[in-house]
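Input: a single structure, listed below in C-alpha cells.
There are 2 protein chains.
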Amino acid sequence: MSSIVQDAIAAKAASRLLAVLDSATKNDALHRMACALEESFDVLLSLNCEDVHEAREQSISPSALVRMELTREKLQQIAVGLRTMAALEDPVGKVLLRSELDDGLELQKITSPFGVIAAIVEARPDAVTQLCALALKSGNALMIKAGTEIGRTTRAILAAFAKALQSTQIPPHAFTNVEGREAIREILALQDYVDLVVPRGSSDLVRFVSANTRIAVIGHSDGVCHIYVESSANREMAISLILDAKTQAPATCNAVETVLVDQGIANEFLPIAFQSLRWHGVKVRGCAATRTICGADVELVKATEWHTEYGDLTLAIRVVPGVDAAIAHIETFGSHHTDCIVTEDAQAASQFLRRVDSAGVFHNVSTRFADGYRYGLGAEVGIATGKLHARGPVGVEGLVTYKYVLSGSGHCVGQYAGANARRFKHELVESAVSE
Amino acid sequence: MSSIVQDAIAAKAASRLLAVLDSATKNDALHRMACALEESFDVLLSLNCEDVHEAREQSISPSALVRMELTREKLQQIAVGLRTMAALEDPVGKVLLRSELDDGLELQKITSPFGVIAAIVEARPDAVTQLCALALKSGNALMIKAGTEIGRTTRAILAAFAKALQSTQIPPHAFTNVEGREAIREILALQDYVDLVVPRGSSDLVRFVSANTRIAVIGHSDGVCHIYVESSANREMAISLILDAKTQAPATCNAVETVLVDQGIANEFLPIAFQSLRWHGVKVRGCAATRTICGADVELVKATEWHTEYGDLTLAIRVVPGVDAAIAHIETFGSHHTDCIVTEDAQAASQFLRRVDSAGVFHNVSTRFADGYRYGLGAEVGIATGKLHARGPVGVEGLVTYKYVLSGSGHCVGQYAGANARRFKHELVESAVSE
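Chains as they are written, first to last, in this note's numbering: chain A, 1 to 435; chain B, 1001 to 1435.
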C-alpha cells in the first residue's frame, strides 16, 4: 500500500471524529492555530525566505514570487483570517428541513461534512492556511498538496498547527501534507477515500484535475467575462466599469475580456471608450465595425478568438445589434462565470439578468465583484462555474452536504400499503432553523 | 453533425425559453398534458399492448412486464401525478439570500434551472411522464431515452404532450425522445449541451453512466442497507422492522441486506428472529457466531461477501460487539444509502445517527422509508448516494441550481481598495423568501 493511500485511510478515520465535534472545540482550535502562527513568525519567515531564495534562482515569475513570499503583515492577516473563521456560524448540524411524516415519525434534513477534502493549491502560504481553516470549520479532514516551491513553508505551517492541536480533541490526521509532483495523480485516484477535490490555481491545473478524477471537483477553469453596454447606458458609468473590470486586476478570473456594445450607440460611445482604454494602457482588439469606428490600430478578432481569456491588459470589443445578440454571444463564447449589462432600461436589465446563464449576472457593477469576500461569504473555497452543488464564489457552506435523519417507534412501510393503508401527514414542523 | 447533436442544440435553445417561463404557464402546461393523456387513453393502451406483446415474445421477466404495462388505472394515476406536480411550489426563482453589500449594491442568490437534462430510464411509461413533469416544472429541457421495449408507448406519450403544448408558450423541443441502443453513449458525450444526466434503472446502468461521462450525474448504483439491533432494542420491534425492510419489496434499493446484532443479545434474539425470517421465506446467511446460534442451515458469509446487495429474500446477519463495531462494519461494507439502529437507548441512537455517514440514518424505523414520496418531496428524480448537490431521495428541487444577481449603480471594485477604501456593509436583507 502506497504511503498516500495510508495517509488517506488515516484522514478518513480522522474525518469521522471531526464530523461530530462541537462548534466550541473547532473554534477553539482555530484560535490556537492563529496563536501558533504568531508564535512561529520568525521560524516561518526564515524558512519561507529559503523557499523564496531557491525559487528566485529557478527564475520564477515576479508575480508568483510575490504570492509565495511571507511577510510579517501577511502572517498577521492570516492569523486574523483564522480568528474570523472561528467567529463564523458553524455550517455543520443545521436543520434544513423538519417534517412530521406521521405521528411519531419525524424526518430531519441536517447538514453534515463531506469527509475528506483534497486540496491542490498553488505556491501560496495563505491558500494553505485558508484551506485548513475552511476544512476544520466544516468538520472535514484535509489532504493538501501545495506548490512545491513553498515546501519548507507548508511543512512549517502544518507543523505549527499540529503542535497547537496536540492538547485538543482535533485528531492528528485532520491535516495531511502531501508532497511530490506525482502526488497529484495519486490524489486523483483516491476515490475510495476522498470525497471532494478542490483545485486552486491555473486554468490548466483545474482542467487537468477535472479530466483525471472520478471524485467530485469544485473549481473553475475559465473566466471569460463580458460587459454589455446597452443603448440606454450611462456612458461615463460604462467606461468606468469597463476600466475597473479590465485594469484593476487583469490576471484575475473575474476581469472582463470582451465588451459588447449596442450598435445604436457604437459610433458615439466607442471613440471615447477607446481613448480612455488607451490612456490606461489597454490594448483593444475588435470586430470589423469596432475597427471601422476606432481605426486601424484595432487588431481584428477572428471568429474563433472570442473565447479568449486574455488575462492581461487586452480587451476585445464587439458591436452587437441588441440585447438578444449580446445574450447569444455570451451563450456561445462565455464561460458562465460572470457577465454584466450596463443600462438605464429596467426592462433590458431584467431580460439580461434572467436569461444569461452564468454564475454571476450583474447590472451596472464591475465584474470584479464576483468574489467570496466581496459577497460576504467569509473565506472562499473557490469559484465554481459548474452548476452542481455550488455555483459562483463558494464559501465554507460549499464544504458540507446533508443527511436525512428519520426517527420513529417501529414504523413499517407495510402499514402504508394495501387496503387499510395509513396515510402520511407530511407536516413541516419548522424549516431553516439552526440546531 | 449527428442528429442527436442537432437535437441537443435544439434542446439547449428550448431550455433558454423554459428557464424564464412564469409558474402559471408551466402549471397550465402540466394540466394540458394530463388532459392529453386522458384523451389518448385508447391509443396509448393499444400501442402499449403492442409493446407488451413484443416484449413477451422476447421472454422478458414477469416483473419487467408489469412495470412496462399500462392500464387505465395506471394512466389515471399518471394524470393525477401531472396535476399534483402543477400544484407544487415553483422551484425556480426562489431568493435564497439577499444581502446589501453596500449602499445601492444588492446581491441576490436566486434558484435557476440547469438547462438540459438527459434522462436514461428503464422501460416504464410512468418514469417517462414523471421525468417530463419534473423537467418542465423546474424549467429544464429534457432529452429522454427510455427502455427500447416501450418504444411505441414512449413515442405516443411524447406525441400527446407535443400536441397538448402546441398552443402554449412551451417550446416544441422541451421534450426530445432519444431512440436506439447506441443513443446512451451518444448522450453521455454531449457535455457541451447537456447539464445533468439522470439515470434511472439498474445498478449496472448507473455505474456505466457514471463511468462514461464528464457530465454531472444524479443517481445511485448500490443499496446495501443495514439494520443494527442494539442490546437495549425492543425485540419485537426489531423483528417487525427487519421483516418489513427485507420482505415488503426485496428488490428495491432501500431493502435491508445485512442485520447487525449486538453480541449481548445475540443468544436470546437470534433464534426468534431466525424463526420469523424463515416463516416469511427469508434465507439467512451469517457469520460464524450466527451459524453457531441458529444452526447449520445458515450459510457462512465470506469476508468478501458483506458488500453484497442480494435484492431478493436473502439476508446476511452478523454478530458485532457493540455500536462502534456496527458503525465500522457499515463504514466498510455499506453503500452510504440508508442505515438504521434499533435501540431504546437515546445515547446509542444519537451516536449512530451522528456518526454513520449515509444519505439516510434511521432510528427505530424501516429502511424502506427512504423514498421521495414517503419523505413528502412529491415526485422523485432518484436517490443520490453521492454527496455533491443532492443526497438521498431527490425531488424537483434537485433539478435547479442558482445564480448570483448583483445590481448597483456604477460600483467599481477599485473604490474598495487602497488607502481610502470603502468598506462593505454585508447586511442581510432577508433570506429564504420566495419571489
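Backbone N, C-alpha and C fix where the C-beta goes; we use that ideal spot for every residue, glycine too.
None of the values given here were measured: they were computed from a predicted structure.
Nearest to residue i by CA position, among the options, is which residue?
i: B:Lys1403; options: A:Tyr402, A:Pro393, A:Ser99 and A:Ala346; result: A:Pro393
i: B:Arg1235; options: B:Asn1254, B:Phe1269 and B:Gly1223; result: B:Phe1269
i: A:Leu105; options: B:Ser1232, B:Asn1364, B:Ala1421 and B:Gly1418; result: B:Asn1364
i: B:Cys1340; options: B:Thr1258, B:Thr1071, B:Val1092 and B:Ala1249; result: B:Thr1258
i: B:Met1143; options: B:Ser1003, B:Gly1334 and B:Lys1425; result: B:Ser1003
i: B:Ala1303; options: B:Asp1312, B:Gly1311 and B:Gly1286; result: B:Gly1286
i: B:Ser1221; options: B:Ser1358, B:Ala1162, B:Leu1205 and B:Ala1014; result: B:Leu1205
i: B:Asn1048; options: B:Glu1073, B:Ser1231, B:Gly1151 and B:Ser1015; result: B:Gly1151
i: B:Met1085; options: B:Leu1096, B:Val1121 and B:Ser1138; result: B:Ser1138
i: B:Ala1008; options: B:Ser1202, B:Asp1022, B:Gln1130 and B:Asn1140; result: B:Asn1140
Cβ atoms of residue j and residue i: under 8 Å apart, would you say?
i: B:Ile1265; j: B:Val1256; result: no
i: A:Ala29; j: A:Thr168; result: yes
i: A:Leu377; j: B:His1389; result: no
i: A:Val342; j: A:Tyr228; result: yes
i: B:Ile1239; j: B:Ile1187; result: no
i: A:Phe114; j: A:Leu75; result: no
i: A:Arg318; j: A:Leu260; result: yes
i: A:Ala55; j: A:Leu65; result: yes
i: A:Leu45; j: A:Leu70; result: yes
i: B:Leu1190; j: B:Ile1117; result: no
i: A:Val381; j: A:Val198; result: yes
i: A:Val128; j: A:Ser112; result: no
i: A:Val209; j: A:Val217; result: yes
Taking only the alpha-carbon atoms, compute the straight-line gap between residue i and residue j and give it to the nearest angstrom.
i: A:Ile215; j: A:Glu309; result: 27 Å
i: B:Asp1192; j: A:Glu305; result: 18 Å
i: A:Ile293; j: A:Ser63; result: 36 Å
i: B:Ala1034; j: B:Leu1017; result: 22 Å
i: B:Phe1362; j: A:His411; result: 11 Å
i: A:Thr247; j: A:Ser276; result: 11 Å
i: A:Arg200; j: A:Pro171; result: 25 Å
i: B:Val1178; j: B:Leu1134; result: 18 Å
i: B:Val1429; j: B:Glu1100; result: 6 Å
i: A:His426; j: A:Leu107; result: 9 Å
i: B:Val1405; j: B:Lys1109; result: 6 Å
i: B:Ala1379; j: A:Lys145; result: 42 Å
i: A:Ala326; j: A:Thr338; result: 14 Å
i: B:Met1237; j: B:Ser1335; result: 25 Å
i: B:Arg1291; j: B:Ser1059; result: 39 Å
i: B:Ala1251; j: A:Leu88; result: 45 Å
i: A:Thr153; j: A:His31; result: 20 Å
i: B:Ala1024; j: B:Gly1081; result: 17 Å
i: B:Lys1436; j: A:Tyr375; result: Nothing about residue 1436 of chain B can be read from this structure; chain B reaches only from 1001 to 1435.
i: A:His53; j: A:Val43; result: 15 Å
i: B:Asp1244; j: B:Leu1313; result: 12 Å
i: A:Asn498; j: A:Ala370; result: Nothing about residue 498 of chain A can be reported from this structure: the residues present for chain A run from 1 to 435 only.
i: A:Asp345; j: A:Gln351; result: 10 Å
i: A:Arg155; j: A:Val5; result: 20 Å
Count the other CB atoms, across all protein chains shown, that sit within 10 Å of the CB of residue i; report buried if there are 16 or more and exposed otherwise.
i: B:Met1001; result: exposed
i: B:Ala1432; result: Here B:Ala1432 scores only 46 on pLDDT, less than 50, and its place in the model should not be relied on; the value that follows carries that caveat. Per the 10 Å Cβ criterion, exposed.
i: B:Lys1012; result: buried
i: A:Gly418; result: exposed
i: B:Thr1332; result: exposed
i: B:Ser1366; result: buried
i: B:Glu1050; result: exposed
i: A:Arg368; result: buried
i: B:Pro1125; result: buried
i: A:Lys39; result: The residue you asked about is not Lys; residue 39 of chain A is Glu in the sequence shown. The residue is exposed, with fewer than 16 neighbouring Cβ atoms inside 10 Å.
i: B:Gly1281; result: exposed
i: B:Ala1014; result: buried
i: A:Glu230; result: buried
i: A:His173; result: buried
- [ ] Check each residue of the segment 410 to 424 of chain A: if its Cβ is closer than 9 Å to any Cβ of chain B, include it; give the result in chain order.
- [x] Considering only beta carbons, the part of the segment 410 to 424 of chain A lying closer than 9 Å to chain B consists of Gly410, His411, Cys412, Val413, Gly414, Gln415, Tyr416, Ala417 and Phe424, in chain order.
- [ ] Using a Cβ-Cβ cut-off of less than 7 Å, give me the residues of the segment 1388 to 1408 of chain B that come near chain A, in sequence order.
- [x] Those residues of the segment 1388 to 1408 of chain B that come within reach of chain A (Cβ to Cβ, closer than 7 Å) are Leu1388, His1389, Arg1391, Gly1392, Thr1401, Tyr1402, Lys1403, Tyr1404, Val1405, Leu1406, Ser1407 and Gly1408.
TODO: Report the residues of the segment 225 to 239 of chain A with a CB closer than 9 Å to any CB of chain B, ordered along the chain.
DONE: Answer set for the segment 225 to 239 of chain A: Asn234, Glu236, Met237 and Ala238.
Task: Near-chain A residues of the segment 1130 to 1148 of chain B (beta-carbon distance less than 8 Å), N- to C-terminal order - done: Along the segment 1130 to 1148 of chain B, none of the residues has a CB nearer than 8 Å to a CB of chain A.
Task: Interfacial residues, the segment 346 to 359 of chain A to chain B, with Cβ spacing under 7 Å - done: Only those residues of the segment 346 to 359 of chain A whose C-beta falls short of 7 Å from the nearest C-beta of chain B are listed: Leu353, Arg354, Arg355, Asp357, Ser358 and Ala359.
Task: Under 8 Å (Cβ pairs) to chain B, residues found in the segment 376 to 387 of chain A - done: The segment 376 to 387 of chain A vs chain B, Cβ under 8 Å: Gly376, Gly386 and Lys387.
TODO: Could you please tell me which residues of the segment 1090 to 1124 of chain B, in chain order, have their CB closer than 7 Å to any CB of chain A?
DONE: The residues in question are Ser1099, Leu1101, Leu1105, Leu1107, Phe1114 and Gly1115.
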